[in-house]
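For the record, the sequence lines run as chains A and B. Per my numbering, numbering of the first sequence is gapless, rising by one per residue and ending at 246. Per my numbering, numbering of the second sequence is gapless, rising by one per residue and ending at 1246. From the three backbone atoms N, C-alpha and C, an ideal C-beta is built for every residue, glycine too.
2 protein chains.
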Amino acid sequence: MRPEDLPEIRHLHLFRDMTQANFEALMTSSYALNFPQGLEMIRQGDPADFLHIVLEGSVELFARWGGRECTMAMVQPVSTFILAASIRDAPYLMSARTLERARIILIPSSDLRAMFRRDTEFSVSVINELAACYRSVVRNAKTLKLRNSRERVASYLLRQSILAGGVVSYTLPVEKRLLASYLGMTPENLSRTLKALEGDGLKMDGARVIITDRAKLTALAQPDKLIDGPDVAGNENGAGLPSTRL
Amino acid sequence: MRPEDLPEIRHLHLFRDMTQANFEALMTSSYALNFPQGLEMIRQGDPADFLHIVLEGSVELFARWGGRECTMAMVQPVSTFILAASIRDAPYLMSARTLERARIILIPSSDLRAMFRRDTEFSVSVINELAACYRSVVRNAKTLKLRNSRERVASYLLRQSILAGGVVSYTLPVEKRLLASYLGMTPENLSRTLKALEGDGLKMDGARVIITDRAKLTALAQPDKLIDGPDVAGNENGAGLPSTRL
DNA sequence: TTCCAAGGTTGATCTGGATCAAGTTTTCAC
DNA sequence: GTGAAAACTTGATCCAGATCAACCTTGGAA
């Protein structure tokens, strides 16, 4: 691991409050790996031997069943992922692959489990982190069950604009095919939906999003604190399924 | 609270490992309530002032958005629910109503948060519980995104049969309209789907499920450890979204 | 610079599941 | 027991979104 990696990790909510000694202990048993683009570094079903942290690049969490596959989340730096599996010493429920060249920290799950028995502040951080992850997936499930695809697209685009600081225009952080899968629809349908949203306050130019009439788009998306966030408690971004940042 | 309530609560994984003194402290600030059927005791968006435990009866967790509503989980005794919201001191993401007359324990969230700073074993239990809840919702999301409604119905019915001990015949634990909403479909569609599954190893008689050809039904449902469980680690049943027990 | 593969769009068609509208059965309050 | 409301079923129809197929666009790699 590079020395400059440490402050970035230490800055995460998960590791912020533990003692320096314990943090260093955890880091000495950890190591960093550089993965090429498109590498599947976690296969669902495998034992969760490591907690992962993305330092650079980005990662897709996805699920397979039978021949089908769907995107469950995209993880951007700096964030942890698959915390729950490491903690329960259980098989990964999702697979992970790099979306681009990525630098990943691996922390042995067993060290993690030993640590939160030793460091109370760390265990409190883990609790907060897990609770935040849980709420994040619940929000996700709510969107899937309560909204149709046009509403999911509109609320996603608005949320991204807000996360970027309320900007009127921004570039999609991920490929459209990936976004489509995340939103539970086909690429074709996303393409058509984006086009249909012109006239409802949206304009697309390639991967560029332009909100031409925020009021109109908002009326359609009906954003909701309890689905689109933000969560009240300071969640930061060390989350497993950061739907709000996707 | 009645004295006979205590052992039942103490038996939950969440409270099993804390010291007796701390358990008693937590219980003295808690109280029990009896709710009539159909009462909405939690409204999404309200502050999560209490952790809830169902001792008797059953509870539906559901979500609303705009005019729509959907069932997110059903909670059977003895289980906790809305743990994550209490811990984060955040608004409930879901509403809850009694499905029948129910006896509920309320534990003040603030006491809960204070307690896991004092009792390490308890904080470990909370961590395990939250991780289990998280994985439970992820499984749920996987079913919703990867399976069509027929597959969701078939795998649900098989899972129930297995949870009941691999029985060939059992009674649905909940009303069909509720089950339909939980499975993300309309009552009409559930009704038709159940009928269509006759000939694939299933026979319905009112609320009674009869598995006439397990192999055939299994081939159709393609049950998967990573969706339908059980989880490897001993999860018991003190979970927030116990999809495996619904 | 050119070429090719992958991503994206567009159109035509199909279909799973929703919706609407009657019935029928069950449940439960009186 | 009886009546009324709620749950459930069944049929007819509709539509959102999937699928299939063709084409265009973009971004690297040689």
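### Query
Bridge partners of F1050 of chain B, per DSSP?
According to DSSP, F1050 of chain B bridges with B:P1108.
### Query
Between the region 1028-1040 of chain B and the region 1125-1134 of chain B, do three or more beta carbon pairs fall short of 8 Å?
Flag = no, the region 1028-1040 of chain B and the region 1125-1134 of chain B do not touch.
#### Entry: DSSP state of M115 of chain A mapped onto helix, strand, coil
In the structure shown, M115 of chain A sits in a helix (DSSP, three-state: H, G or I).
### Query
Between the region 1143-1172 of chain B and chain A, which residues of the former have a C-beta closer than 8 Å to a C-beta of the latter?
Those residues of the region 1143-1172 of chain B placed with their C-beta closer than 8 Å to a C-beta in chain A are L1144, K1145, L1146, R1147, ordered along the chain.
### Message
With a threshold of 8 Å, are at least 3 pairs of Cβ atoms found where one atom belongs to the region 133-142 of chain A and the other to the region 219-231 of chain A?
### Response
Counting Cβ pairs under 8 Å, three or more are found: they touch.
### Query
Going by beta carbon distance, what residues of the same chain come within less than 8 Å of G184 of chain A, once the five residues before and after it are set aside?
C70, L144, S149, R152.
### Query
Where does I227 of chain A sit, in a helix, a strand or coil, going by DSSP?
Secondary structure at I227 of chain A: helix, using DSSP grouped into helix, strand and coil.
### Task
Output yes or no for whether 8 Å exceeds the beta carbon distance between S1109 of chain B and L1051 of chain B.
Result yes, Cβ atoms of S1109 of chain B and L1051 of chain B sit closer than 8 Å.
### Task
Examine chain B for any beta-carbon lying closer than 8 Å to the beta-carbon of P223 of chain A, and answer yes or no.
It does not: the Cβ of P223 of chain A has no partner Cβ on chain B nearer than 8 Å.
### Query
Taking 8 Å as the CB-CB limit, is D1049 of chain B close to chain A?
Chain A, which has no Cβ nearer than 8 Å to the Cβ of D1049 of chain B, makes this no.
#### Entry: Within chain B, the residues that T120 of chain A reaches when beta carbons sit closer than 8 Å
Those are R1117, T1120, S1123, listed as they occur along chain B.
### Query
Helix, strand or coil for P91 of chain A per DSSP?
Correct three-state label for P91 of chain A: strand.
### Query
For the region 97-183 of chain A, which segments carrying the beta strand (DSSP E) assignment without a break, of at least 3 residues, lie completely within its bounds, in sequence order?
You should have 102-108, 169-171.
### Query
Which first and last residues belong to the alpha helix (DSSP H) in which T1039 of chain B is found?
A small fix is needed here, since residue 1039 of chain B is Leu in this sequence, not Thr. Here L1039 of chain B belongs to no alpha helix (DSSP H), and DSSP marks it neither H nor E.
### Query
Do L194 of chain A and M204 of chain A come within 8 Å of each other at the CB atom, strictly closer than that value?
Contact: yes.
### Cβ-Cβ distance between V1078 of chain B and I1107 of chain B below 8 Å
Taking 8 Å as the Cβ cut-off, V1078 of chain B and I1107 of chain B do not qualify as a contacting pair.
### Query
In or out: S95 of chain A buried (at least 16 other Cβ within 10 Å) or exposed?
The residue in question, S95 of chain A, is buried, as its Cβ has 16 or more Cβ neighbours within 10 Å.
### Query
Starting from R2 of chain A and walking both ways along the beta strand (DSSP E), at which residues does that stretch end?
Careful: R2 of chain A lies outside any beta strand (DSSP E) and carries neither H nor E.
### Task
Report, in whole angstroms, the separation of the C-beta atoms of M41 of chain A and R88 of chain A, which I expect to be a contact under 8 Å.
About 20 Å separates the Cβ atoms of M41 of chain A and R88 of chain A, ruling out a contact at the 8 Å cut-off.
### Message
Between the alpha carbons of A1090 of chain B and F1023 of chain B, how many angstroms are there, rounded?
### Response
A1090 of chain B and F1023 of chain B: Cα-Cα distance of roughly 24 Å.
### Span of the alpha helix (DSSP H), counted from its first residue to its last, around A1221 of chain B
It spans 1214-1221 - the alpha helix (DSSP H) in which A1221 of chain B sits, taken as one unbroken run.
### Query
How far does the beta strand (DSSP E) with T80 of chain A in it reach, from first residue to last?
Its beta strand (DSSP E) spans residues 79-81.
### Task
Using a threshold of 8 Å, state whether the C-beta atoms of L190 of chain A and K176 of chain A are closer than that.
The beta carbons of L190 of chain A and K176 of chain A sit closer together than 8 Å.
### Query
Under the rule that 16 or more other beta-carbon atoms within 10 Å means buried, what is V167 of chain A, buried or exposed?
Around the beta-carbon of V167 of chain A, fewer than 16 other beta-carbon atoms lie within 10 Å, marking it exposed.
### Task
Examine chain A for any beta-carbon lying closer than 8 Å to the beta-carbon of T1244 of chain B, and answer yes or no.
Any answer about T1244 of chain B is weak, because its pLDDT of 40 lies below 50 and its placement is not dependable; what the coordinates show is given next. Chain A contact via Cβ: absent.
### Task
Sort B:R1103, B:S1181, B:A1196 by Cα distance to L1039 of chain B and report the nearest one.
Answer by Cα proximity: B:R1103.
### Query
Do you know offhand how far S1058 of chain B's Cα is from A1073 of chain B's?
Going by C-alpha positions, S1058 of chain B is about 11 Å away from A1073 of chain B.
#### Entry: Interface flag, A1063 of chain B vs chain A, CB-CB below 8 Å
Yes - at least one Cβ of chain A is within 8 Å of the one on A1063 of chain B.
#### Entry: Cα-Cα separation between L1241 of chain B and A1048 of chain B, rounded to whole angstroms
Confidence is the limiting factor: at L1241 of chain B the pLDDT is only 43, short of 50, which leaves the residue's position unreliable and the question unanswerable from this model.
### Message
Just to confirm before moving on: does the CB-CB distance between F1248 of chain B and L1112 of chain B stay below 8 Å?
### Response
Outside the displayed range of chain B (1001 to 1246) lies residue 1248 of chain B, so it cannot be described from this structure.
### Task
In angstroms with no decimal places, state the Cα-to-Cα distance between V75 of chain A and Y156 of chain A.
Rounded to whole angstroms, V75 of chain A to Y156 of chain A spans 16 Å at the Cα level.
### Message
Buried or exposed for Y31 of chain A, going by 16 or more other Cβ atoms inside 10 Å?
### Response
Exposure of Y31 of chain A is indicated by the presence of fewer than 16 other C-beta atoms within 10 angstroms of its C-beta.
### Message
Classify A1084 of chain B: buried if its beta carbon has 16 or more other beta carbons within 10 angstroms, exposed otherwise.
### Response
Around the beta carbon of A1084 of chain B, 16 or more other beta carbons sit within 10 angstroms, so the residue counts as buried.
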